[in-house]
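J.: Those sequence lines, one after another, are chains A and B.
Be aware that the first sequence starts at 76, since it is given in the working numbering, and climbs by one per residue.
Be aware that the second sequence starts at 76, since it is given in the working numbering, and climbs by one per residue.
Glycine included, each C-beta is placed from N, C-alpha and C at the ideal position.
Computed from a predicted model, the values in this text were never measured in an experiment.
There are 2 protein chains.
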Amino acid sequence: MKPENTMVENRISSFISQCKDLGIKVTPQRVAIYRELANTDQHPSAESIYQKIRNYYPNISLTTIYRTLETFEKLGLVSVVNILYNAARYDANLEPHHHLVCVACKKVEDYYDNSLMNLDISKSNLANYKVLGYTIQLNGICRDCRKKKS
Amino acid sequence: MKPENTMVENRISSFISQCKDLGIKVTPQRVAIYRELANTDQHPSAESIYQKIRNYYPNISLTTIYRTLETFEKLGLVSVVNILYNAARYDANLEPHHHLVCVACKKVEDYYDNSLMNLDISKSNLANYKVLGYTIQLNGICRDCRKKKS
DNA sequence: GGGTATATAGTAATTATTACCATATAATAT
DNA sequence: ATATTATATGGTAATAATTACTATATACCC
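(1) By the 8 Å beta-carbon criterion, what residues does the stretch 95-129 of chain B contribute toward chain A?
(2) Can you grab the Cα-Cα spacing for the pair Ser190/B / Ile211/B, in whole Å?
(3) Over what stretch of residues does the beta strand (DSSP E) that includes Thr210/A continue unbroken?
(4) Nearest to Asp188/A by alpha carbon, out of Ser197/A, Asn168/A and His172/A?
(5) Can you pull the chain A residues whose beta carbon is under 7 Å from the beta carbon of Cys180/B, in chain order?
(6) If we count the other Cβ atoms within 10 Å of its Cβ and call it buried at 16 or more, is Leu152/B buried or exposed?
(7) Excluding sequence positions up to five away, which residues of its chain have a Cβ less than 8 Å from the Cβ of Gly215/B?
(8) So that I know if they touch, is there some Cβ in chain A lying closer than 9 Å to that of Asn193/B?
(9) Is Ile128/B closer than 9 Å to Ile108/B when the C-beta atoms are compared?
(10) DSSP state of Glu184/B, grouped into three classes?
(11) Residue range of the beta strand (DSSP E) that Val106/A falls in?
(12) Is there a Cβ of chain B sitting closer than 9 Å to that of Tyr160/A, yes or no?
(13) Which residues in chain A sit within 9 Å of Ser154/B, going by Cβ to Cβ distance?
(14) Give me the Cα-Cα distance between Asp22/A and Ala163/A, rounded to the nearest whole angstrom.
(15) For Tyr165/B, which beta-bridge partners are listed by DSSP?
(16) So, is Glu184/A buried or exposed, given that buried needs 16 or more other C-beta atoms within 10 angstroms?
(17) Is there a Cβ from chain A that is less than 9 Å from the Cβ of Thr138/B?
(18) How far does the alpha helix (DSSP H) with Leu137/B in it reach, from first residue to last?
(19) By the 10 Å Cβ neighbour count, where 16 or more other Cβ atoms means buried, how is Ser136/A classified, buried or exposed?
(20) Using a C-beta to C-beta distance shorter than 8 Å, which residues of chain A count as neighbours of Thr210/B?
(21) When the distance is taken between beta carbons, is Leu112/A closer than 9 Å to Leu159/B?
(22) Name the chain A residues that come within less than 9 Å of Tyr131/B, Cβ to Cβ?
(23) Could you give the C-beta distance for Tyr165/B and Leu150/A, rounded to a whole number, given that I count them as a contact under 8 Å?
(24) What residues from chain B crowd round Asn134/A, counting only those whose CB sits closer than 7 Å?
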């Protein structure tokens, strides 16, 4: 369900003070982009945010959308739903299994845990979906990337 | 861990008979691509499969890799690890939550289930990873897409 | 209001993917 | 084994998503 207006405005106020704390400038573009995100539960792409904002801010640049989203993400103001968006990744292993993903280098490893294979997912709001299955993505940092940092 | 050789060869034999059952041709390119996938647990992209195969099959075409992977995926011979690979998707909602993904239209909805927020993921082979968190992706078909089919 | 570091717009470049088409080849029947 | 044919491949061009670059603009501190 779409967030309520008052909640959205609260999140925007909070966003603005966070920007100040973080020492980045509060520009109308940044507020517009954040508002579009706070205002929807549709998990939009850069392009679809661009199309929305263009309706009332016709000369905003697509580049700004990309750059701003990257900035927000690095500062932890928003998150990327699909960190493996960069390229399609394939697997010949059709056995049900989960994945360990290194958030730094995007490496993916298989993860097997029997206790996670038969979770009860029928509890909540699945009214609209016919659920076919699920996968768990464990996000972490692999040893190689930890070494690099230290 | 990388699959053993005998296991890989078994999977390739099985792959070949599946191709015949499915009525698609068993070409050296297809076998090579399938072998590369069966031979690794690295979840490679089209490009990295291409680079591997080029070492011993120098004039294979990148287009063939893409087309073949698509064919395999449609027939259920391989799977795509990250079905949302098409474009980065953003979220201003930083509360921990999970996602419902429509495999047909790639729509993403939030999914809340308290019983899935504190799973014990420390059981197995996490030696190399510092795990930061996890998300569950429920794959399904949304109502709109079910309507379209019927 | 003026100065300055940061942000934006616009365009070009890069990367991943798909479309198209002429040629080649696996599979089937002979 | 060979000819036939539908399907697959290779090569190139087109498209889509993202990033790089640079001159101009503007938020913020004084």
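T.: Reading from the atomic positions:
(1) Residues passing the 8 Å Cβ filter: Tyr109, Leu112, Ala113, Asp116, Gln117, His118, Pro119, Ser120, Ala121, Glu122 and Ile124.
(2) Taking the CA atoms as reference points, Ser190/B sits about 12 Å from Ile211/B.
(3) In the DSSP annotation of this structure, the continuous segment of the beta strand (DSSP E) that includes Thr210/A starts and ends at Tyr204 to Cys217.
(4) Ranking the options by Cα distance to Asp188/A, first place goes to His172/A.
(5) For the C-beta of Cys180/B, not a single chain A residue is nearer than 7 Å; the gap to the nearest is close to 12 Å.
(6) Label assigned to Leu152/B: buried.
(7) Excluding positions up to five away in sequence, the list reads Leu175, Val176, Cys177 and Val178.
(8) No, because no Cβ of chain A sits closer than 9 Å to the Cβ of Asn193/B.
(9) Between Ile108/B and Ile128/B, the C-beta spacing is below 9 Å.
(10) Of the three classes helix, strand and coil, the one that applies to Glu184/B here is strand, per DSSP.
(11) It is not in any beta strand (DSSP E) - Val106/A instead sits in the alpha helix (DSSP H) that spans Pro103 to Ala113.
(12) Chain B, which has a Cβ nearer than 9 Å to the Cβ of Tyr160/A, makes this yes.
(13) Those within 9 Å of Ser154/B in chain A are Tyr165, Asp166, Ala167, Asn168 and Leu169.
(14) Any question about residue 22/A goes unanswered here, given that chain A covers just 76 to 225.
(15) In the DSSP output, where bridge partners are listed per residue, Tyr165/B has Val155/A.
(16) Buried, since its Cβ has 16 or more Cβ neighbours within 10 Å.
(17) For Thr138/B, no CB of chain A lies under 9 Å from its own CB, so it is not counted at the interface with that chain.
(18) Annotation for Leu137/B: the continuous alpha helix (DSSP H) segment containing it runs Leu137 to Leu150.
(19) Looking at its Cβ environment, which holds fewer than 16 other Cβ atoms inside 10 Å, Ser136/A is exposed.
(20) What Thr210/B touches in chain A: Ile211, Gln212 and Asn214.
(21) At the C-beta level, Leu159/B and Leu112/A stay beyond 9 Å of one another.
(22) Among the residues of chain A, none has a CB under 9 Å from the CB of Tyr131/B; the nearest is roughly 19 Å distant.
(23) At roughly 13 Å, the Cβ-Cβ gap does not stay under 8 Å, so Tyr165/B and Leu150/A are not in contact.
(24) Simply none; closest approach about 22 Å.
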